[in-house]
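Plus 71 on top of the position in the sequence shown (first one is 1) and you've got the working numbering.
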Amino acid sequence: MTAPELDENSELTVPALSKRAARRAIQRAFVLVGREKAIRQHLREVEFTTLWVLDDWGLDWTVVADHGRLEFHRGRAGRAEITLVWPTAEAFFDQVVSGLAQNDSFEFSGDVASRRLLDPLLKSFTSSLRQVLANPIDDDGERLW
Numbered sequence: 072m073t074a075p076e077l078d079e080n081s082e083l084t085v086p087a088l089s090k091r092a093a094r095r096a097i098q099r100a101f102v103l104v105g106r107e108k109a110i111r112q113h114l115r116e117v118e119f120t121t122l123w124v125l126d127d128w129g130l131d132w133t134v135v136a137d138h139g140r141l142e143f144h145r146g147r148a149g150r151a152e153i154t155l156v157w158p159t160a161e162a163f164f165d166q167v168v169s170g171l172a173q174n175d176s177f178e179f180s181g182d183v184a185s186r187r188l189l190d191p192l193l194k195s196f197t198s199s200l201r202q203v204l205a206n207p208i209d210d211d212g213e214r215l216w
């Protein structure tokens with residue numbers, strides 16, 4: 072896979088990623104989100120489990136927020152209080168590229184109060200994933216795909 076490129080309008084375009092490459096990019100983005108002090112402080116008083124699903128790819132992952140720490144799990148792990156489902160990977164990556172958490176691009180299920188906690192996490196995640204797609208390099212200088 073090639074890295075995303077800037078098109079003629081200077082916008083990020085997402086290459087055709089394999090599921091494996093997408094999962095690696097997503098995991099890397101959550102590592103970066105977990106390093107953000109503002110997110111850790113925002114979540115320091117809470118503990119919840121989220122399930123994120125790309126329906127058409129059958130791709131899912133779990134993120135556990137545990138008093139400011141984020142844990143990423145491939146697949147389903149534990150019982151999720153919050154579930155985010157994108158009907159297509161295209162809708163998911165369109166949201167990432169645009170940077171907008173469009174309520175109609177994914178299905179949210181969970182407590183409304185949880186949504187208030189999740190919004191900053193989602194915003195930070197999409198920003199981090201956009202950076203990872205633009206520069207798919209890990210901490211060791213190795214390409215993610």
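Backbone N, C-alpha and C define an ideal beta-carbon position, used for all residues, glycine too.
Under the three-state DSSP convention, the category residue i falls into
| i | result |
| --- | --- |
| R140 | strand |
| R106 | coil |
| R214 | strand |
| K90 | helix |
Bridge partner(s) assigned by DSSP for residue i
| i | result |
| --- | --- |
| R145 | W132 |
| W123 | W132 and L155 |
| R95 | Looking at the DSSP assignment, R95 forms no beta bridge with any residue, so it has no partner. |
Unbroken beta strand (DSSP E) run spanning residue i, endpoints
| i | result |
| --- | --- |
| L155 | I153 to W157 |
| S180 | E178 to S180 |
Residue i - containing alpha helix (DSSP H), residue span
| i | result |
| --- | --- |
| V117 | No alpha helix (DSSP H) contains V117, which DSSP labels as neither H nor E. |
| E16 | Any property of residue 16 remains undetermined from this structure, which presents the chain solely from 72 to 216. |
| L192 | V183 to A205 |
Proximity below 8 Å, CB of residue i to CB of residue j
| i | j | result |
| --- | --- | --- |
| D126 | T154 | no |
| L189 | T121 | yes |
| E116 | S195 | no |
| L130 | R94 | yes |
| I97 | L192 | no |
| A92 | F119 | no |
| F143 | W132 | yes |
| V124 | V156 | yes |
| Q166 | G139 | no |
| E152 | S185 | yes |
Between the region 166 to 185 and the region 132 to 147, do three or more beta carbon pairs fall short of 8 Å? no
Below 8 Å, how does it come out for the region 91 to 110 and the region 191 to 201: are there three or more Cβ pairs, yes or no? yes
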